[in-house]
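Trainee:
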Amino acid sequence: MVEKLPTLTDSKALSAKLAPTIQAHFTDPKPLNLNFGVVHDGAIADTFKGIADETNNAVFTTYSLHQQVHPLAISRLLPRNLDAKYQRAARVILSLYSRTPDREAVKQALRGDLAAKLSAIDRLDFSIPVEFGKNGTSEDVYKSIAFQLAQVCNL
């Protein structure tokens, strides 16, 4: 938790600097996925990565399931911002297709509103194997897409 979110460049540099020190407290060799959050009135009000309400609620409900060095800094759940989640899910799915033959249509949709993003997603054929370039293996990308779709279907 931080008082104020660092810039993108500073966040990446701070993450790289802190990761080895934080990793030393844990036995799991899995690389850390650090995030920064600003707490206000007992809840996460802003985050470096993700949606504040989603991050807040995930931390609040799972904190006790993991080894911790510090006490939980938040004290309550937040109502979901459904519009933000739908926007983020659409953006994530399209971004994963940004290194495929659908690149131009995806880039155009990413500049558009939610309707444009959903229209572009509707035109993607998830049954056809695609090379995702630096966005990861097909298996990892399809898992990410399934995760995003499962999250918005459960809202």
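Note that our numbering has the sequence shown beginning at 38, numbered continuously upward. Quick reminder that beta carbons are idealized off the backbone N, C-alpha and C, glycines included. Model, not experiment: these values are computed from the prediction.
1) Which residues bound the alpha helix (DSSP H) around Val-143?
2) Under the three-state reduction of DSSP, which class applies to Ala-53: helix, strand or coil?
3) On the DSSP bridge list, what partners appear for His-107?
4) Per the DSSP calculation, Asp-83 is bridged to which residue(s)?
5) Using three-state DSSP, classify Leu-151 as helix, strand or coil.
6) What is the DSSP secondary structure of Ile-165, reduced to helix, strand or coil?
7) Identify which residue in His-62, Ala-53 and Gly-79 has its Cα closest to the Cα of Gln-105.
8) Using a Cβ-based criterion (distance less than 6 Å to any ligand heavy atom), does Leu-119 qualify as near the ligand PLP?
9) Determine the direct distance from the alpha carbon of His-107 to that of Leu-119, and round the result to whole angstroms.
10) Taking 7 Å as the CB-CB limit, is His-62 close to chain D?
11) Within a Cβ cutoff of 7 Å, which residues of the same chain sit near Pro-166, ignoring the five residues on either side of it in sequence?
12) Tell whether a beta-carbon distance below 7 Å holds between Asp-83 and Val-75.
13) Taking DSSP as the reference, what is the three-state secondary structure of Ala-126?
14) Check Val-178 in the structure and name its three-state DSSP category.
Mentor: Well, looking at it:
1) Counting from one through the sequence shown, the residue named residue 143 turns up at place 106. Val-143 -> alpha helix (DSSP H) spans 140 to 147.
2) Position 16 of the sequence shown, counted from the first residue, corresponds to residue 53. Three-state result, Ala-53: helix.
3) To locate residue 107, count along the sequence shown from 1; it is residue 70. His-107 is not bridged to any residue.
4) Counted from its first residue, the sequence shown places residue 83 at position 46. In the DSSP output, where bridge partners are listed per residue, Asp-83 has Val-75.
5) The count along the sequence shown starts at 1 and reaches residue 151 at position 114. Three-state result, Leu-151: helix.
6) Residue mapping note: residue 165 aligns to position 128 of the sequence shown, counting from 1. In this structure, Ile-165 counts as coil in the three-state DSSP scheme.
7) In the sequence shown, counting from the first residue as 1, residue 105 sits at position 68. That would be His-62, whose Cα lies nearest to the Cα of Gln-105.
8) This structure does not include the ligand PLP; it has no bound ligands of any sort.
9) Reading the sequence shown from its first residue, position 82 is the one you call residue 119. Reading the sequence shown from its first residue, position 70 is the one you call residue 107. Leu-119 and His-107: Cα-Cα distance of roughly 30 Å.
10) You won't find chain D in this structure, because it holds only one protein chain.
11) Stepping through the sequence shown from its first residue, residue 166 is reached at position 129. If we look at Pro-166 and ignore the five residues flanking it on each side, its Cβ neighbours are Ser-175.
12) Residue mapping note: residue 83 aligns to position 46 of the sequence shown, counting from 1. Residue mapping note: residue 75 aligns to position 38 of the sequence shown, counting from 1. Cβ atoms of Asp-83 and Val-75: closer than 7 Å.
13) As a working mapping, residue 126 is identified with position 89 in the sequence shown. Residue state, collapsed to three classes: helix.
14) Along the sequence shown, read from residue 1 onward, the residue named residue 178 stands at position 141. It is helical.
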